[in-house]
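First comes the structure, then the notes that go with it.
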Amino acid sequence: MRVIYFFFSSFQTFLEQTKTKFSKNYKGLNPNKITTTVGLNIGRIDMHGVRLNFWDLGGQEDLQVLWDKYYAECHAVIYIVDSSDIDRLQESKEAFGKS
Numbered sequence: 001m002r003v004i005y006f007f008f009s010s011f012q013t014f015l016e017q018t019k020t021k022f023s024k025n026y027k028g029l030n031p032n033k034i035t036t037t038v039g040l041n042i043g044r045i046d047m048h049g050v051r052l053n054f055w056d057l058g059g060q061e062d063l064q065v066l067w068d069k070y071y072a073e074c075h076a077v078i079y080i081v082d083s084s085d086i087d088r089l090q091e092s093k094e095a096f097g098k099s
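The sequence shown maps to residues 1 to 99 in full-length UniProt numbering.
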């Protein structure tokens with residue numbers, strides 16, 4: 001499995017940025033309306049005969065036990081951390097290492 005790390009210092013999610021960039025008709029959400037993922041968000045992008053499925057999993061501690069159930073069926077992991085909260089970077093690294 002390939003792991004790609006991204007660090008963002010805003011509330012705009014990777015999924016929103018990806019949908020805006022690769023979908024002609026998708027205008028994107030107002031960044032002020034984007035909040036922390038709680039639970040699961042699903043995104044799908046069809047491009048050049050290829051379908052990309054994204055599962056945006058919440059990072060709250062009680063949801064982390066679900067992460068490995070999604071890893072088994074995936075081809076890559078894009079792990080995103082809000083870098084504006086320096087204190088949580090180490091916590092995030094440890095949480096990802098447990099999965």
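Every residue, glycine too, gets a C-beta built ideally from N, C-alpha and C.
Spatial distance of residue i from residue j (CA atoms)
| i | j | result |
| --- | --- | --- |
| L89 | G58 | 15 Å |
| I80 | G49 | 27 Å |
| F54 | I42 | 6 Å |
| D87 | H75 | 30 Å |
| V77 | T37 | 16 Å |
| E73 | Q60 | 21 Å |
| D45 | E91 | A small fix is needed here, since residue 45 is Ile in this sequence, not Asp. Roughly 31 Å between the two C-alpha positions. |
| residue 136 | Y71 | An answer regarding residue 136 cannot be provided, because it is not within the stretch 1 to 99 covered by the chain. |
| L66 | M47 | 29 Å |
Same chain, Cβ closer than 6 Å to residue i, five either side skipped, listed in chain order
| i | result |
| --- | --- |
| K93 | none |
Beta-carbon proximity check, residue i vs residue j, cutoff 9 Å
| i | j | result |
| --- | --- | --- |
| G39 | L63 | yes |
Bridge-paired residues (DSSP) for residue i
| i | result |
| --- | --- |
| Y70 | The partner list for Y70 (beta bridge, DSSP) is empty, contrary to what the question assumes. |
| R44 | N53 |
Cutoff 8 Å; reference residue i; Cβ partners in own chain excluding five residues on either side
| i | result |
| --- | --- |
| A95 | G59, E61 and Q64 |
7 Å Cβ shell around residue i - same chain, five flanking residues per side excluded
| i | result |
| --- | --- |
| V3 | Interpretation of V3 is limited by its pLDDT of 49, a score under 50 that renders its predicted location unreliable; the figure taken from the coordinates is listed afterwards. Same-chain partners within the cutoff: V77 and Y79. |
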